[in-house]
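See below for the structure under consideration.
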Amino acid sequence: MWADALPNLLIGLREGLEAGLVVSILLAALRRHSDTGQPVRSAPVWLGVAAAVVLALSFGAVLTFYRSVLPSRGQEALGGFLSVIAVGLVTAMVFWMRRTARNLSGELRERVDQAVTSRGLQSSTAALALTAFLAVGREGTETALFLWTAAQASGQTAGPAIGAAIGIAVAVGLCVLLYRRAVKIRLDKFFARTGILLIVVAGGVLAYGLGDLQDAGVLPGHLWVAFDLSAHIDPSSWWMSIVTGITELAPVMTWLQVIAYVCYLGVVLPLFIWGKPAPVQPAAGREPRPGRAPSRQRTIVTAAAAFTIPPVAAGTLIAIAPGASGAVGQNLTVTATACAQGWSVPAAGEQSFTITNKSGHVVEINLIQAASQGIVAEIETLGPGTKQVLAATLAPGTYFWRCLGSGGAGARSATVTVTGGPAGAAPAPVKPVTVAELQPALRAYNSYVAGRLTTLAAQVARIRGDLGADNLAAARTDWRPAMLTWEQVGEEPYGSFGSFGVQIAAGPQGFEQGVNDPDFTGLHRLEYGLWHGQTASVLIPVTDQLAKYVAGLRSQLTQLSNDPTTLPVRAHEILEDALRDHLTGQLDQGSGAGYAETLADVQADRVVLGELTNLITPRSPGLLGTAYRQLDTLQQALLDSRANGQWVSVNSVSLAQRQRVDAAIGAVLETLSAVPDLLETPAH
Amino acid sequence: MDVSRRGLLKGALAGSAGTAVAGGMLIGGAKADADATAAQTPAAPAQVPFHGAYQAGILTPEPQQRYATHAALDVTAASKTELTELFATITARARFLTSGGTPPDLGVGAPPSDSDILGPDVPADGLTVTLSVGSSLFDDRFGLAASKPNHLTSMRTFPNDALEDAWCHGDLMLQLCANNPDTVHHALRDIAKHTRGGMQPRFRMDGFVSQPRPSGTPRNLLGFKDGISQPEGTSLRQLTWVTEASGEPRWATGGSYHVVRLIRMLIEFWDRVSINEQQNMFGRFRDSGATLDSTTGNEFSPPDYPADPHGNVIPLDCHIRLANPRTSATDDSRLYRRPYNYDLGYDDNGNIQCGLIFVCFQQDVRRQFEAVQTRLIDEPLTDYIQPFGGGYYFALPGVRNTGDYYGRALLS
Numbered sequence: 001m002w003a004d005a006l007p008n009l010l011i012g013l014r015e016g017l018e019a020g021l022v023v024s025i026l027l028a029a030l031r032r033h034s035d036t037g038q039p040v041r042s043a044p045v046w047l048g049v050a051a052a053v054v055l056a057l058s059f060g061a062v063l064t065f066y067r068s069v070l071p072s073r074g075q076e077a078l079g080g081f082l083s084v085i086a087v088g089l090v091t092a093m094v095f096w097m098r099r100t101a102r103n104l105s106g107e108l109r110e111r112v113d114q115a116v117t118s119r120g121l122q123s124s125t126a127a128l129a130l131t132a133f134l135a136v137g138r139e140g141t142e143t144a145l146f147l148w149t150a151a152q153a154s155g156q157t158a159g160p161a162i163g164a165a166i167g168i169a170v171a172v173g174l175c176v177l178l179y180r181r182a183v184k185i186r187l188d189k190f191f192a193r194t195g196i197l198l199i200v201v202a203g204g205v206l207a208y209g210l211g212d213l214q215d216a217g218v219l220p221g222h223l224w225v226a227f228d229l230s231a232h233i234d235p236s237s238w239w240m241s242i243v244t245g246i247t248e249l250a251p252v253m254t255w256l257q258v259i260a261y262v263c264y265l266g267v268v269l270p271l272f273i274w275g276k277p278a279p280v281q282p283a284a285g286r287e288p289r290p291g292r293a294p295s296r297q298r299t300i301v302t303a304a305a306a307f308t309i310p311p312v313a314a315g316t317l318i319a320i321a322p323g324a325s326g327a328v329g330q331n332l333t334v335t336a337t338a339c340a341q342g343w344s345v346p347a348a349g350e351q352s353f354t355i356t357n358k359s360g361h362v363v364e365i366n367l368i369q370a371a372s373q374g375i376v377a378e379i380e381t382l383g384p385g386t387k388q389v390l391a392a393t394l395a396p397g398t399y400f401w402r403c404l405g406s407g408g409a410g411a412r413s414a415t416v417t418v419t420g421g422p423a424g425a426a427p428a429p430v431k432p433v434t435v436a437e438l439q440p441a442l443r444a445y446n447s448y449v450a451g452r453l454t455t456l457a458a459q460v461a462r463i464r465g466d467l468g469a470d471n472l473a474a475a476r477t478d479w480r481p482a483m484l485t486w487e488q489v490g491e492e493p494y495g496s497f498g499s500f501g502v503q504i505a506a507g508p509q510g511f512e513q514g515v516n517d518p519d520f521t522g523l524h525r526l527e528y529g530l531w532h533g534q535t536a537s538v539l540i541p542v543t544d545q546l547a548k549y550v551a552g553l554r555s556q557l558t559q560l561s562n563d564p565t566t567l568p569v570r571a572h573e574i575l576e577d578a579l580r581d582h583l584t585g586q587l588d589q590g591s592g593a594g595y596a597e598t599l600a601d602v603q604a605d606r607v608v609l610g611e612l613t614n615l616i617t618p619r620s621p622g623l624l625g626t627a628y629r630q631l632d633t634l635q636q637a638l639l640d641s642r643a644n645g646q647w648v649s650v651n652s653v654s655l656a657q658r659q660r661v662d663a664a665i666g667a668v669l670e671t672l673s674a675v676p677d678l679l680e681t682p683a684h
Numbered sequence: 001m002d003v004s005r006r007g008l009l010k011g012a013l014a015g016s017a018g019t020a021v022a023g024g025m026l027i028g029g030a031k032a033d034a035d036a037t038a039a040q041t042p043a044a045p046a047q048v049p050f051h052g053a054y055q056a057g058i059l060t061p062e063p064q065q066r067y068a069t070h071a072a073l074d075v076t077a078a079s080k081t082e083l084t085e086l087f088a089t090i091t092a093r094a095r096f097l098t099s100g101g102t103p104p105d106l107g108v109g110a111p112p113s114d115s116d117i118l119g120p121d122v123p124a125d126g127l128t129v130t131l132s133v134g135s136s137l138f139d140d141r142f143g144l145a146a147s148k149p150n151h152l153t154s155m156r157t158f159p160n161d162a163l164e165d166a167w168c169h170g171d172l173m174l175q176l177c178a179n180n181p182d183t184v185h186h187a188l189r190d191i192a193k194h195t196r197g198g199m200q201p202r203f204r205m206d207g208f209v210s211q212p213r214p215s216g217t218p219r220n221l222l223g224f225k226d227g228i229s230q231p232e233g234t235s236l237r238q239l240t241w242v243t244e245a246s247g248e249p250r251w252a253t254g255g256s257y258h259v260v261r262l263i264r265m266l267i268e269f270w271d272r273v274s275i276n277e278q279q280n281m282f283g284r285f286r287d288s289g290a291t292l293d294s295t296t297g298n299e300f301s302p303p304d305y306p307a308d309p310h311g312n313v314i315p316l317d318c319h320i321r322l323a324n325p326r327t328s329a330t331d332d333s334r335l336y337r338r339p340y341n342y343d344l345g346y347d348d349n350g351n352i353q354c355g356l357i358f359v360c361f362q363q364d365v366r367r368q369f370e371a372v373q374t375r376l377i378d379e380p381l382t383d384y385i386q387p388f389g390g391g392y393y394f395a396l397p398g399v400r401n402t403g404d405y406y407g408r409a410l411l412s
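Protein chains in written order, with this note's numbering: chain A, 1 to 684; chain B, 1 to 412.
In structure tokens:
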């Protein structure tokens with residue numbers, strides 16, 4: 001990284017020294033004036049310098065920002081163009097400096113004279129400031145440009161910035177010392193030597209910039225590679241990073257880059273080293289331009305302008321840059337007291353809104369159609385201080401926003417009427433369901449479950465009796481009804497019955513020791529033992545434990561099953577789990593009851609849908625009819641999978657039979673997948 | 001010379017040198033770019049038109065897209081009405097997917113309408129959807145027995161086959177081809193989501209076409225260029241499409257017999273065989289693809305069998321000579337091939353399971369594919385390949401316009 005700093009350190013040092021020289025010449029000229037006549041304050045010079053620095057910084061900010069919002073091709077094109085321009089400027093400057101170095105102080109002194117002697121104090125102040133501003137400003141913007149392009153060539157590390165800062169700081173220090181004559185430097189030798197280094201750096205920047213233009217497609221030949229040493233050279237090795245840091249060369253370069261580099265250095269360096277500097281021109285006299293005396297007000301205004309215009313211009317440019325804010329569509333804001341006020345809709349059809357949450361807490365925001373009170377679009381969770389884009393398709397009608405904040409009251413926005421556009425194009429709004437509305441359904445479901453669990457307890461006791469009499473065949477026969485009763489409960493493994501779900505009916509897959517794991521318990525553990533020749537004495541404790549779990553669930557049912565919002569999810573999860581567990585045969589521990597268990601799940605699903613009828617039908621009138629028809633098809637396909645009335649395992653039926661069941665369950669699941677979305681309750 | 005003229009000369013020299021260098025760089029660079037793009041395959045079409053007298057994905061686009069899946073399915077629809085609904089749904093999905101567009105917004109009351117695998121706006125990406133029907137569709141389920149194409153049967157077993165029933169046949173064959181593999185996956189997934197009740201998968205094989213290496217026809221996984229010699233122009237159309245003069249049922253006009261063969265290549269064995277033996281089995285040089293009697297090394301030059309009647313240069317039992325003897329008698333048994341490579345995994349013995357999805361289209365499966373395959377019985381190449389799946393299907397005529405749907409003439 002420190003190698004990346006070197007070029008910018010050099011640039012900063014040299015350009016800083018140049019600018020510092022200009023300032024010190026101006027100050028020296030002023031001092032000469034005050035020695036010989038009316039004392040002149042140096043404040044205007046510093047004013048001009050400060051304004052020039054502000055200008056240079058603003059320029060750098062605009063450059064950086066604009067590059068960052070461009071797409072990558074644009075970035076490369078911009079960087080490439082600016083690099084070429086910067087190299088041109090620097091080359092011209094290096095030669096100009098050499099040519100006019102001896103004249104520089106004379107010229108500047110003359111300008112200072114003019115400024116000081118122009119009529120009126122204010123005008124001289126202004127003129128002085130202007131001189132300083134122009135002189136340093138040119139240096140400053142050129143330095144900013146060159147630093148920026150060199151930094152682009154060096155990559156994304158902080159090295160270039162650090163190097164520039166160090167270089168400028170050293171330059172400032174040197175200037176101070178020079179001014180106080182504490183240090184003597186042969187300036188012409190200094191500028192000659194640093195000029196050579198600057199040309200080398202500029203050559204590298206030129207090659208890099210041309211490469212950027214090739215990558216952006218502006219110049220051809222980005223594949224016409226001159227050499228590719230990347231396989232042999234490690235670019236992060238210390239010596240490589242020095243070389244690339246200083247010269248901006250790369251292990252891979254195209255012919256254009258190589259030839260440009262060689263030609264540039266081959267032409268410019270000899271010209272610089274051996275070309276003759278122009279003879280010293282006597283300073284030509286110039287008449288001071290007559291002008292009216294500027295008022296004090298005008299001076300202040302000008303000064304204020306010099307300081308404020310560049311940052312303001314920069315800020316404006318940055319703000320209007322395309323894609324800068326990333327906002328899509330309308331911008332709406334949610335605050336602690338207001339919900340998306342001041343919104344409008346130009347026409348029906350697809351819209352998008354960018355919604356920013358400034359309320360300080362998490363909100364849910366719904367776009368509601370007034371006529372149906374249904375939700376058209378929503379963001380369920382919008383964190384504080386964040387923004388999201390929300391897309392919606394609006395038919396003609398009246399709409400408003402509702403904001404539901406955790407802790408805040410549900411605020412409403414103003415209503416807006418949308419006109420025009422096809423009436424049927426937009427999807428139907430969905431009226432949200434309240435938790436209260438789901439409570440009756442949950443109560444009905446819980447009492448159904450309680451009934452099933454009573455039956456299950458009796459069936460488990462029967463199995464226990466069979467095992468006590470050492471009648472394994474009877475235990476096998478009595479196992480299936482118990483399993484199916486549990487499936488009819490429709491428990492879906494979201495932990496909605498606490499840990500009882502796993503304890504009563506989990507398969508062995510999730511346990512370290514599989515079927516031998518002591519935590520593998522319940523109905524499928526029993527199944528495994530019954531179909532793998534385990535003895536009654538082994539299975540009796542398993543059955544006792546199962547009975548305890550069933551009893552535990554019965555007693556804790558209402559406490560555990562207390563979330564009404566799980567019911568809409570159950571409506572399709574029951575069969576999704578059947579598809580995953582039973583129809584794949586994954587959960588089968590030997591009984592081959594996969595199709596029978598799926599049939600029990602169908603029955604459970606009918607119960608759940610029945611309990612949700614009053615809520616589903618108003619929101620999607622045709623859904624239940626289709627779903628019941630499809631459940632009938634599935635039921636028939638399952639029944640037809642039996643051989644001579646006996647259930648067979650899913651792996652032993654014909655392909656055609658399997659496809660029939662898969663088709664039927666697939667179709668009904670597509671239909672039921674809408675239920676949780678239709679019966680959505682507010683999240684917050 | 002005075003100063004000004006010297007200066008002028010210097011300037012002129014510098015100027016012309018600079019211009020020459022700059023011009024050379026620009027021209028050289030442009031040439032390098034052009035060469036680079038020419039070395040790659042020509043750009044694949046972004047969109048292949050769906051409607052037409054013939055289905056896309058058969059003779060169009062040319063060259064074929066780089067990725068495909070061949071999915072055989074069985075119809076689970078319970079009646080002819082449901083079958084018609086199924087075909088109409090497949091048509092609607094195919095229309096959307098092959099033209100691209102924004103999936104509909106279903107609002108808050110349903111899950112999203114699209115899987116977003118291809119992003120929020122679905123690009124066409126060169127997708128073609130080709131639907132073919134198997135002979136089992138013409139059984140007694142839908143009352144279509146009288147409409148069966150004349151030569152359509154279920155695929156017969158050839159002497160060198162090792163067919164596995166799970167990889168064979170099917171009521172339908174759905175061929176999806178596109179420029180990228182995610183486009184193919186997205187299309188299959190979308191069609192399945194809309195048709196779960198009406199059809200269920202039987203088997204499916206994904207395939208790919210390699211880049212030309214280094215140029216010319218792409219290679220198969222035996223290392224040989226595959227698909228060099230194809231019928232062209234008018235004879236291609238005559239050999240491929242069922243016309244009114246073919247004697248087939250009216251509805252079949254514009255269709256084509258579609259043969260898919262899943263052929264495993266025993267590449268471990270193959271890689272242990274000498275190059276001469278390999279080339280003699282195929283009848284072509286492996287590196288260039290040129291025929292063994294070639295003097296130019298150009299893969300596209302046809303072989304000269306009359307000049308080699310005893311097979312001294314191009315063996316009489318080599319693959320290309322048996323498949324297409326290039327006599328006037330065998331002229332009408334030529335067929336159009338559209339193969340894909342597949343690469344699955346391993347078999348139980350740690351050997352790579354890979355090979356060819358051989359696909360061909362023709363006007364008459366008996367006269368063309370079966371004749372060719374009969375000539376190839378017991379060719380030397382059979383030691384190294386194992387056909388294990390596939391089927392005979394009939395590619396439906398094209399969907400003509402937005403009012404039309406797959407198999408409309410067949411089902412109405």
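Glycine included, every Cβ here is placed at the ideal spot set by N, Cα and C. Since this is a predicted model, take the numbers as computed values, not measurements.
Cβ separation of A151/A and P160/A, assumed to be a contact under 8 Å, to the nearest whole Å | 4 Å
Option nearest L376/B by Cα separation, candidates G15/B, Q47/B, P159/B, R5/B = P159/B
Proximity test, Cβ basis, 8 Å: A32/B and chain A | yes
Decide if the stretch 251-261 of chain A is in contact with the stretch 215-229 of chain A; the criterion is three or more beta carbon pairs, one per stretch, under 8 Å apart.
-> As far as the Cβ criterion goes, the stretch 251-261 of chain A touches the stretch 215-229 of chain A, which means the pair count is three or higher.
Can you grab the Cα-Cα spacing for the pair Y257/B / L335/B, in whole Å?
-> The straight-line gap from Cα to Cα measures roughly 10 Å.
Let me know the secondary structure DSSP gives Y393/B once reduced to three states.
-> strand
Could you check if T694/A is buried or exposed, using at least 16 other CB atoms within 10 Å of its CB as the buried criterion?
-> The question about residue 694/A has no answer, for chain A in this structure spans 1 to 684.
Which runs of the alpha helix (DSSP H) fall wholly inside the stretch 611-649 of chain A and span at least 4 residues, in chain order?
-> 613-619, 623-639
Burial state of K10/B, where buried means 16 or more other Cβ atoms lie within 10 Å | The C-beta of K10/B has fewer than 16 other C-beta atoms within 10 Å across all chains shown, which makes the residue exposed.
Using a C-beta to C-beta distance shorter than 8 Å, which residues of chain B count as neighbours of C403/A?
-> Chain B residues near C403/A: none, gap ~16 Å exceeds 8 Å.
Minimum Cβ-Cβ distance from V260/B to chain A less than 8 Å = Taking 8 Å as the threshold, the shortest C-beta distance from V260/B to chain A does not fall below it.
Alpha-carbon spacing of V648/A relative to L579/A, whole angstroms | 17 Å
Closest Cβ-Cβ distance between G326/A and chain B: below 8 Å?
-> Caution is warranted here: a pLDDT of 46 is assigned to G326/A, below 50, making its placement in the model unreliable, and the coordinate value is therefore given only provisionally. Answer no: the Cβ-Cβ gap between G326/A and chain B never drops below 8 Å.
Note the first and the last residue of the continuous alpha helix (DSSP H) segment covering S235/B.
-> 233-240
Starting from C177/B, follow the beta strand (DSSP E) in both directions and report where the run begins and ends.
-> 172-178
For N331/A, the nearest candidate out of T337/A, T356/A, T316/A (CA to CA) | T356/A
Apart from the five residues on each side of it in sequence, which residues of its chain come closer than 6 Å, Cβ to Cβ, to P123/B?
-> G100
Residue range of the unbroken alpha helix (DSSP H) whose run includes C168/B = Segment: none, C168/B is in no alpha helix (DSSP H) and carries neither H nor E.
Would you check if the distance between the CB atom of F50/B and the CB atom of G255/B is smaller than 8 Å?
-> No, Cβ-Cβ distance for F50/B and G255/B is not below 8 Å.
Is the stretch 72-91 of chain B touching the stretch 134-145 of chain B in the sense that three or more CB pairs, one from each, lie closer than 8 Å?
-> yes
Distance, Cα to Cα, L612/A vs E437/A?
-> 10 Å
Backbone secondary structure at Q55/B - three-state DSSP | coil
Could you check if Q439/A is buried or exposed, using at least 16 other CB atoms within 10 Å of its CB as the buried criterion?
-> exposed
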